[in-house]
Structure formats: structure tokens, C-alpha cells
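Counting along the sequence shown from 1, when you hit position 541 you're at 541 in UniProt numbering, and nothing is skipped either side.
Below is one structure, written out as C-alpha cells; the observations come after it.
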Amino acid sequence: MNPNSEEGDAGNSAALKSPIEPEGSSNQQGSSTRYKRAVSGPAKAIVTRLIRDATEISVELDTAQASLLDPGFVASDELADTTADIIKQAGTILEKLESTDKTIRDRFEAHADDDDVPGDAEQLMLGVITYFHKSGDALIEELRTKIAELHQLFVKTFPAFEDIVVLPRTPEEVNIFQEIPPRPEEDESDIPLHEQPPLVSPTPINDQQPPEQKQKVAKSTELLAAKQKEIEENNEIELLKLQIAEFQRAAEKAALLKQLEAHKITSSPAATEEKPISPPYNTAEAAVPAKSNAVEVVPPVAPLEKEDIGTDLTHSQNQVRPTAADTLLLNLTSVFGSHRNQSAEILKAVQQLPDALSKSVRNEFEAMQSAMRSTEDDIEDEQEYEAIPSLKQTRHTREVRIDNLVKLLTHFDGTADYEIFRAQFKSTIMDHEGIEPSFQLLTLTSLLEGEARACIRTKATPALSLKATLEALENIYGNDNREHVLREKLQKLPFHQSDPRRMKIDLASHTKIIDSLEDQGCSTDDMRTVWELAAKLPPRMYPEMAKYIANHGNRIPMARAIKQMNILIETYETEKIISAHKPKTAINEIPESYAVINYAAGQKDTRPPQPKSDAPLAYDPSSFLPTFLDPITNETLEGYYKPGPGPQVDALERTLPYDSSFERCSACGGPHRAIRCTKSSSEFRKLLAKRQRCAICTGRHPITACKNTNRCIYCSGLHHTGGCTKKEFYRDPANFPEELKNRATFFRPQKGNKRQ
């Protein structure tokens with residue numbers, strides 16, 4: 001067999017891999033490298049670029065056809081021109097594809113007379129042409145079909161336009177790909193085709209396309225890029241496998257040759273003088289060493305039929321017995337044959353990669369378009385959340401126990417955010433297909449607490465009862481988000497003046513209401529709202545906030561104003577941290593203000609004790625309802641007059657009225673303390689409001705600035721004892737608890753004693 005037959009078998013795949021160069025002179029290798037760089041490399045680039053353009057225009061044809069078949073399609077001259085251009089471009093690329101064979105042959109024949117043309121030039125050309133046919137034939141048929149379909153659809157959709165001639169517009173468009181590409185770099189001359197640039201490029205986004213089309217094209221680009229990356233990784237893996245197989249083949253070949261040399265040395269002279277006969281069942285591909293160290297090539301022997309094997313074996317055994325060298329040659333031939341088959345299979349898989357790539361990209365693109373259409377249909381079917389949840393239920397795919405659902409929901413007593421409760425109840429209970437109206441009503445009634453239970457309604461059927469209950473809740477609590485209600489809440493919210501942590505919490509509460517105003521469509525960037533929020537800062541922060549507002553021309557969005565307030569609070573918190581780390585005076589040092597401090601400490605302070613400036617505020621509006629209805633007098637009071645958990649039994653004695661010349665009531669001005677005022681609770685509350693006194697400590701400040709920690713003696717609520725609604729009940733000693741009724745006498749101070 002010809003030793004070059006193996007090289008001839010792999011000639012068609014020479015353009016797809018980098019084979020192990022046979023032993024030869026460096027001049028021959030340099031000539032082959034220069035030829036590949038000047039001719040084979042540009043030819044590969046032409047084929048790769050042309051296949052990439054064909055794949056790209058195929059995607060554009062699919063997109064144009066989908067646009068014309070869209071039910072919401074609107075015909076226009078601009079769309080007609082765009083579609084016509086796509087058809088013409090596809091026709092141009094089709095012409096290029098059909099003339100590619102001639103272009104490749106012309107390029108190789110143009111260099112046929114060069115001095116450095118290698119012996120495998122014809123194999124290189126055939127490899128490029130074979131690769132093109134394996135990758136381009138399917139594209140040619142696909143382009144013909146798609147151009148014909150889109151052309152028929154175009155003529156049907158735009159009958160007023162002239163028929164399109166699917167030909168290149170200019171001769172330059174057909175021959176533009178025949179231009180010689182730039183000379184590749186030295187390291188890129190031997191790059192095989194499966195390492196060339198990607199065959200698929202993302203579809204460009206046209207600025208004249210509508211936003212929906214741009215979004216589809218953008219998603220298509222992302223999908224194609226991800227798919228291309230996956231294909232490149234698979235190509236690299238296949239190339240590594242091919243190289244490993246080649247290296248293994250070369251290593252085994254070298255080992256067998258080394259073993260053959262060892263047999264040459266150890267063979268006897270008589271054995272070397274005899275002319276060996278190859279086994280009749282093998283095709284020899286190696287040489288047998290002769291006595292003169294010359295290599296004699298054994299001609300190939302044709303394979304024998306089954307019926308001739310026995311006769312030939314007997315004849316050969318009668319003549320000459322096969323030597324160890326013949327057995328070694330048999331093993332060598334078997335190994336080479338298996339490796340050649342394995343390499344052929346790998347090369348075949350690599351050659352099929354472009355077809356698999358094109359098919360995979362088209363499938364992914366069609367799947368993406370289908371998913372996008374289904375998503376758009378779902379968006380069109382969505383409706384805004386109704387005030388009264390509809391009895392039509394949304395299908396759920398998983399079955400959930402109702403007791404588990406109820407555990408996930410928060411209870412509603414009329415003080416929490418009704419919007420959150422309504423959204424949770426609708427999405428979790430109302431939209432669940434497996435829950436009957438009777439169970440929905442039972443769940444709703446179990447979640448309502450306190451005054452919210454007054455909204456429970458009972459009708460003829462559970463469905464009607466559920467609907468009536470939801471309507472009652474909506475009528476009472478569903479209007480809390482109106483603009484005037486939200487602005488009133490924003491105005492009444494307190495703001496701590498000394499604790500940075502409480503300041504941040506209070507600012508977050510203000511921000512929540514501002515967000516609710518924006519959700520209602522109300523403007524919050526007006527300076528009135530900014531001034532109202534800035535005025536709640538501590539006075540020490542006024543200069544910095546005023547400077548910030550003045551520098552921005554009194555036009556500040558609410559978001560920037562809140563950001564600046566956060567910065568001021570952080571600055572104040574940092575100042576407090578630095579002050580806490582201030583070094584203290586040593587034990588053996590006397591500060592300069594020692595005399596002043598001791599003098600002030602030695603003087604009697606006649607002022608009443610003042611609360612600490614950094615003490616927390618006593619009243620938090622978010623913890624109380626805006627109003628409270630007294631069930632006894634049917635009088636509507638402020639929410640903080642709601643009775644607390646119970647009386648302070650040990651202090652009830654102190655509330656019994658008696659006069660004292662050492663005290664003055666801050667409500668009526670009588671000679672007694674305010675807790676012993678003889679006025680009724682209703683009159684006491686009116687006097688405090690008239691004199692603008694605090695409802696907690698009767699001090700000369702609003703309730704939002706009070707830091708007094710005392711609670712009502714009658715009910716432990718957050719209000720003064722004199723204004724409690726249970727004052728009239730506990731003023732009668734007969735209503736005292738049993739442990740106080742058994743006492744013979746009550747505490748009465750001596751005359752002149754200041755303790756009350």
C-alpha cells in the first residue's frame with residue numbers, strides 16, 4: 001500500500017484541523033505556511049463571512065414574515081420599503097452563495113504559478129469547498145424557500161407596490177465578498193475553520209423599528225450571543241479531543257517504531273537475509289529491515305475472501321512461518337487503522353457543527369418569539385386590582401391547606417394598613433381555587449379583630465355575606481389613603497429631637513406617607529411639603545438645612561430633601577459618638593469650673609424637675625387610633641383617651657379630692673393637684689384644650705413634645721388622670737377593688753405637708 005494513502009484519505013479534512021506534519025525539510029514547511037497565509041486563510045474567511053451573513057439574513061427573513069403575519073399588523077410605506085430591502089439583501093446573499101465554488105477555485109488558481117505552492121494545495125482547496133457545501137447547502141435551500149414565502153406574502157400584503165426583482169441591485173454587491181480580506185497575523189494563518197469567527201451574529205437593532213420590535217430584537221441578540229458562546233465552548237472541547245487523539249496516535253506510532261528498531265537489532269543474520277512474507281490476512285503498511293539496513297516497501301495485498309483464507313494459510317505455513325517482525329507489523333497496521341477511523345469520526349462530527357449551530361439558533365429564536373407572544377397576551381389580559389375582589393378565582397397549581405394560609409396572614413383590627421391586608425387576603429384566599437366561599441368567609445371573620453369586627457355582615461349565602469363584609473370594610477377603611485387624610489397624617493406625625501435612631505425611624509414613617517401620596521398621584525415635590533418636613537428637624541439642624549435649600553434655589557425634589565435630612569441625622573449621630581469618646585479629667589486634676597460646679601450644686605433648686613432632653617417622646621401617633629368613641633357618653637375623643645389595661649390599685653387613694661394651699665390645679669386653678677380636681681372628666685379635658693395644656697402631664701407644651709412617663713391612675717392609659725373617662729366611676733370608694741375596701745382609713749397628710 002502507498003504510504004501516502006493515509007495522507008490522501010485525510011486530505012478533505014485538511015482545512016478543518018492542524019494535522020501532525022510529516023518529517024520533511026523546513027523549507028517545505030515554510031512554503032506550506034506562507035501559502036496557507038496568502039490563499040487558504042482568505043478563502044476560509046470568505047466562506048465564514050458568507051455563511052455568517054446568510055444565517056443573519058435568514059433570521060431577518062423570519063422576523064419580517066412574523067411581522068406581516070401579526071394580527072395587529074398595520075401596513076405602511078416604511079414597512080413595505082424595509083421588507084423589500086430585506087428580500088433584496090437575501091437575494092444578493094443567495095447569488096453569492098451559488099457562485100462561491102467558482103470564487104474559491106479562482107482564488108486558488110490565481111496562485112497556482114507561485115514558487116511556494118505546496119504539494120497539498122489541491123487538498124486545501126477541496127477542503128474549503130467541502131466545508132462550504134456541508135455548511136452552505138442547507139442555507140441555500142433555506143434561503144430560497146424563505147425568500148419565496150416572504151415574496152408571496154409581500155405581494156399579497158402590499159398589492160400597490162411593484163413586484164420585487166430578487167436580484168442584486170449593483171454588480172458590486174455580488175462581487176464585494178470576492179475582495180481579498182486584510183492579511184492575517186502570523187499566529188492566525190493556521191487557524192482551522194472551526195476556530196474561525198462565529199457563523200451567527202446578532203441581528204442589528206434598527207432605530208426606525210417600534211419599541212416592541214426593538215425589545216424583541218434585543219432579546220434575540222442576547223439569546224444568539226449565549227447560544228454562540230455555548231457552541232464555541234463545544235467546538236473547543238471537540239478540538240481538544242481531536243488533538244489528544246492525534247498525540248496518542250503519534251505516541252503509539254513512535255513506541256511501535258522503537259519496538260521495531262529493537263527487533264531489527266536482535267534479529268539473526270539468517271532471518272534478515274530471508275525475504276519475509278506478509279500474513280495473508282493483513283495489508284502491510286511498513287517496511288521489513290534487510291541485511292544492508294535498506295528499507296524495502298512491501299506492496300499492498302488485497303483482502304482475501306473467507307473461502308480462500310484456509311487455503312492461503314496452509315500454503316503460507318508450508319512455505320515460510322511468519323516472523324516476530326511480521327506480527328509486529330500486523331499489530332502496527334491494526335492500531336493505525338483504528339486511530340484513523342476514530343479521527344475520521346471526530347472530523348465528521350466537527351464538520352457537522354455549523355449545520356447543528358444554524359438549526360439550534362433557529363429553534364431557540366422561534367421558541368423565544370413564542371414565549372414573548374404569550375407574555376404579551378398575559379399582560380393584555382391583566383386588570384387593575386378591584387376595590388371589591390371579584391368572586392372569579394385565579395387558578396393555582398399547588399394545593400395548600402387553609403389553616404396554613406391563615407397562619408401566614410396578619411390580623412386586622414382597624415389600626416393597621418388596610419391596603420396591605422386587602423392585598424394579602426385577595427392573593428392568598430380569594431384567588432385560591434380550592435377554597436369555597438364559606439371557608440373564605442370563615443377565614444375573613446377570623447382575621448378581623450377589635451372594631452373591625454363591626455363590619456361583619458350576614459346574608460342568605462356565604463358568597464353574599466363575604467361580598468357584603470368586604471364592602472363594609474372598603475367603605476370604612478378603604479378611603480384612608482385620600483390626599484387630605486394622608487397630608488393630615490404627615491402633619492401630625494412626631495419627630496424625635498435628640499435620639500438619632502428615633503429620628504431615622506420617624507423619617508422613615510414620613511417617607512412612607514409621602515410614598516402613599518405619590519401612589520395616589522399627588523405631587524410631593526412642592527416646596528410646601530418640603531418646608532413642612534424640614535420644620536420637624538431639631539433646631540440645631542435648621543442652619544444646615546436652610547443653607548442647602550438656599551443653594552438649590554428653593555426647587556428641591558422631595559427625594560433629595562429626604563436624602564439631605566438623612567445626612568444631617570448621620571452627622572449629628574457622628575458628633576454624639578465623638579463626644580462620647582472625649583477624654584475625661586484625671587483623678588488628680590481639678591477642672592477650671594470646679595468652683596462653679598460646686599457652687600451651683602450647693603444651691604437649692606426651686607424649679608420643678610425637668611425631663612431629660614434626650615428622653616424619648618411619650619406619644620407615638622402611629623400606636624393610637626385618630627379618634628375614640630366613649631361608650632358611656634357617646635362622645636368622640638382623641639385616640640389617646642382610650643382606656644388602658646387597668647387601674648393602679650396602690651395609687652387610687654391619692655386621687656380622692658381635698659384642698660391644699662400649697663398646690664394649684666393646672667386645669668381649673670383650684671387649691672389642689674390636678675389628679676384631685678373636682679371637675680368632671682369632660683370639663684377637665686375642655687379646660688386643658690382651652691389653656692393649650694398637654695393631655696398627659698398638663699404642661700405648657702403640645703402632646704407631641706411630651707416626655708413624661710406617668711400614666712393614668714384609673715386605667716394606665718396615656719393621658720392625665722383628671723381627664724380619664726373612668727374618673728367618675730373610681731371617685732366612688734364603693735367601686736374600689738376589694739383589697740382597698742377593707743382599709744379602715746385612707747392616707748391624709750398633715751397640715752403643711754407638701755406631699756400629695
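C-beta atoms are modelled at their ideal positions from N, C-alpha and C, and glycine is treated no differently.
Short of 7 Å from the beta carbon of Q648, and not among the five residues preceding or following it, lie these beta carbons of its own chain, in chain order: I713, S716. With 16 or more other Cβ atoms inside 10 Å of its own Cβ, V47 counts as buried.
Judged by their CB atoms, F412 and L441 are not nearer to each other than the 7 Å cut-off.
The C-alpha of T529 is placed about 16 Å away from the C-alpha of D519. By the neighbour-count definition (other C-beta atoms within 10 Å, threshold 16), Q497 is a buried residue. Taking a C-beta distance under 7 Å as the contact criterion, K227 and E56 do not qualify as a contact pair. In the structure shown, E638 adopts extended strand secondary structure according to DSSP, grouped into three states.
In the structure shown, T678 adopts coil according to DSSP, grouped into three states. Judged by beta-carbon spacing, K489 lies within the 7 Å limit of I513, meaning their Cβ atoms are closer than that value. Using a Cβ distance threshold of 7 Å, S509 and L533 do not count as a contacting pair.
Secondary-structure assignment with DSSP links F412 through a beta bridge to L448.
DSSP places F662 in the coil class of the three-state scheme, outside both helix and strand. Among the bridge pairs identified by DSSP, L629 is matched with T636. Rounded to whole angstroms, the gap between the alpha carbons of Q352 and M430 is 55 Å.
Closest option to I86, judged by alpha-carbon separation, among A121, L61, I556, L50: L61. In this structure, A705 lies away from L688, with their beta-carbon atoms at least 7 Å apart. Under the three-state reduction of DSSP, R691 is assigned to coil, being neither helix nor strand. Classified as exposed, F662 has fewer than 16 neighbouring CB atoms from the shown chains inside 10 Å of its CB. Taking a contact to require three or more Cβ pairs closer than 8 Å, the region 61-81 and the region 142-161 qualify as touching. The region 720-734 makes contact with the region 674-684; the number of CB pairs closer than 8 Å reaches 3 or more. For C697, the secondary structure class from DSSP, reduced to helix, strand or coil, is coil. Your pair I696 and Y619 checks out as a contact, with CB atoms roughly 7 Å apart and the cut at 8 Å. Taking 7 Å as the cut-off, the Cβ atoms of S427 and P462 do not count as close. In chain order, Y477 place their CB closer than 6 Å to the CB of Y418, counting only its own chain and leaving out the 5 sequence neighbours on each side. Ranked by how close their Cα comes to the Cα of L50, the residues F73, Q123, A84, L143 have L143 in first place. Under the three-state reduction of DSSP, K582 is assigned to coil, being neither helix nor strand. Per DSSP, the unbroken alpha helix (DSSP H) holding N475 starts and ends at 462-477. No residue range can be given for A535, since it is assigned to no alpha helix (DSSP H) and is classified by DSSP as neither H nor E. With respect to I562, T511 sits close: the two C-beta atoms are nearer than 7 Å.
Per DSSP, N551 is one residue of the alpha helix (DSSP H) stretching across 542-551. By the Cβ neighbour-count rule, A262 is exposed, with fewer than 16 other Cβ atoms within 10 Å of its own. Per DSSP, reduced to three states, the secondary structure at E436 is coil, with no helix or strand assignment. In this chain, the alpha helix (DSSP H) harbouring L61 covers 41-69. At the C-beta level, C677 and C694 stay beyond 7 Å of one another.
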